[in-house]
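First residue of the sequence shown: 799, per my numbering; consecutive thereafter. Below is one structure, written out as structure tokens, with a few remarks after it.
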Amino acid sequence: MMDDKAQRQLVQPAPAQPALYPGQRPAWLPEMIEIPAGPFLMGSSDMAGNNEKPQHQLELPTYSISKTPITNAQFRPFVEGDGYTNRDYWTEHGWQWRQQEERVQPHHWKHGKWNGADYPVVGVSWFEAVAYCRWLSAQTGREYRLPTEAEWEKAARGSNGYIWPWGNEWGNNTYGIIARIWFKRSRQPERCNSEEDGQGRTTPVGSYPNGASPYGLLDMAGNVNEWCATHWRKDYPYQISDEWSTEYLEQRGLKDKTVVRGGCYWQELEYVRGASRNFFSASYDSWNDSIGVRVASSAPL
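Here you go:
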């Protein structure tokens, strides 16, 4: 097992590097979108659960985040390579879980309903998500990680704190009973794959371009929940810390609550808001067909 210093060198390479792949980006490499440094509003003052309050302002440095959730095609090299056999990619609890479960691929990897190449990978535990990020870092020589909860929310809502990634109105109707009744009745695709859309399953990433966030990210509302690095806390204001340090990651036990964001295909409009918060256990929800992965990085594009 690598010591702390060696592992940090693996997952956090030197930031100043040339373009990884001049010309065309390999299909397995996520497309990253830069989120500029600056303040944003986190949390909600209206339409919110107590765990979203109080609304407060945070300042974040520049970072990047993948344009879409990671697809099955992008996850495949991790599965077919050494992703599930190289101990260095895994936390201690994660490796213990992988061995106990004899996990060699995501839970739904061979299920035709979920394993389309351009569909988001699902059925992955938080431990698998961390291992994938470390594997991706090792393959590219550039840091990849899970986004913090704050980074995820800024990327979804923009600096002004939109309710949904595209703005403060749900389709052509404002938030409320009328919108809910209308969209459930009409079942017309609008801006995201939520319960109102009636798909009843995941959809290929990027299927809702009209639902892009202010920074151009897709599927930030609905389709699949997305793992964050952040350990669940029910209270705000959010406390900024290094959530990709080995110490922070190694504290996560098998049943520990971990933040997911974005909502999913079976959740209603209030749960796919940019400020909506939820959690799952780091491992025991790995069978879930509504949890996926989006990656972030602090390294320059």
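Cβ coordinates follow ideal geometry from the N, Cα and C atoms, glycine included. Computed from a predicted structure; not experimentally measured.
6 Å Cβ shell around residue i - same chain, five flanking residues per side excluded
i: residue 1100; result: Given a span of 799 to 1099 for the chain in the structure shown, any question on residue 1100 remains unanswerable.
i: residue 857; result: 837
i: residue 989; result: 964, 1006, 1008 and 1009
i: residue 780; result: What is shown of the chain runs 799 to 1099, which leaves residue 780 out entirely.
i: residue 1140; result: The chain is shown only over 799 to 1099; residue 1140 falls outside these bounds and no answer can be derived.
i: residue 969; result: 988
i: residue 873; result: 919
i: residue 829; result: 865
Enclosing beta strand (DSSP E) for residue i [first to last residue]
i: residue 1063; result: Note, residue 1063: premise wrong, no beta strand (DSSP E); not H, not E.
i: residue 1020; result: Element bounds for residue 1020: n/a, residue is neither H nor E.
i: residue 857; result: 854-858
i: residue 861; result: 861-864
First through last residue of the alpha helix (DSSP H) which encompasses residue i
i: residue 937; result: 924-938
i: residue 1047; result: 1044-1048
i: residue 911; result: Here residue 911 belongs to no alpha helix (DSSP H), and DSSP marks it neither H nor E.
i: residue 877; result: 870-878
i: residue 955; result: 947-955
Selected residue, minimal CA-CA separation from residue i, among the options
i: residue 1089; options: 1063, 838, 827 and 1042; result: 1063
i: residue 938; options: 1038, 899, 826 and 1070; result: 826
i: residue 841; options: 1099, 1092 and 1036; result: 1036
i: residue 1069; options: 823, 829 and 847; result: 847
i: residue 838; options: 1082, 961, 1001 and 1092; result: 961
i: residue 854; options: 951, 999, 866 and 1026; result: 951
i: residue 905; options: 890, 927 and 1059; result: 927
i: residue 996; options: 968, 1066, 900 and 828; result: 1066
i: residue 1079; options: 1095, 1087 and 1051; result: 1051
i: residue 895; options: 925, 959 and 1099; result: 925
i: residue 949; options: 1038, 829, 1086 and 1044; result: 1038
Helix, strand or coil at residue i [DSSP, three-state]
i: residue 967; result: coil
i: residue 1075; result: strand
i: residue 836; result: strand
i: residue 918; result: strand
i: residue 895; result: helix
i: residue 1030; result: coil
i: residue 976; result: Unreliable placement is indicated for residue 976, whose pLDDT of 47 sits below 50; no coordinate value is reported for it.
i: residue 989; result: coil
i: residue 885; result: helix
i: residue 1090; result: strand
i: residue 1084; result: coil
i: residue 1095; result: strand
Close-in-space but distant-in-sequence residues of the same chain around residue i (CB under 7 Å, 5 per side omitted)
i: residue 869; result: 915, 916, 917, 918, 919 and 1003
i: residue 876; result: 930 and 933
i: residue 909; result: none
Proximity below 8 Å, CB of residue i to CB of residue j
i: residue 1016; j: residue 1007; result: yes
i: residue 861; j: residue 933; result: no
i: residue 1093; j: residue 843; result: no
i: residue 1055; j: residue 1030; result: yes
i: residue 946; j: residue 1028; result: yes
i: residue 1023; j: residue 1061; result: yes
i: residue 1075; j: residue 849; result: yes
i: residue 890; j: residue 1048; result: yes
i: residue 831; j: residue 1013; result: yes
i: residue 1046; j: residue 851; result: no
i: residue 1106; j: residue 1084; result: The shown model of the chain, from 799 to 1099, leaves out residue 1106, and the question about it has no answer.
i: residue 944; j: residue 1025; result: yes
heavy atom of the ligand MN below 7 Å from residue i C-beta
i: residue 881; result: Within the structure as shown, the ligand MN is missing, as the structure has no ligands at all.
Residues near residue i in its chain [Cβ-Cβ closer than 8 Å; skip 5 each side]
i: residue 1001; result: 917, 991, 1021 and 1063
i: residue 834; result: 860
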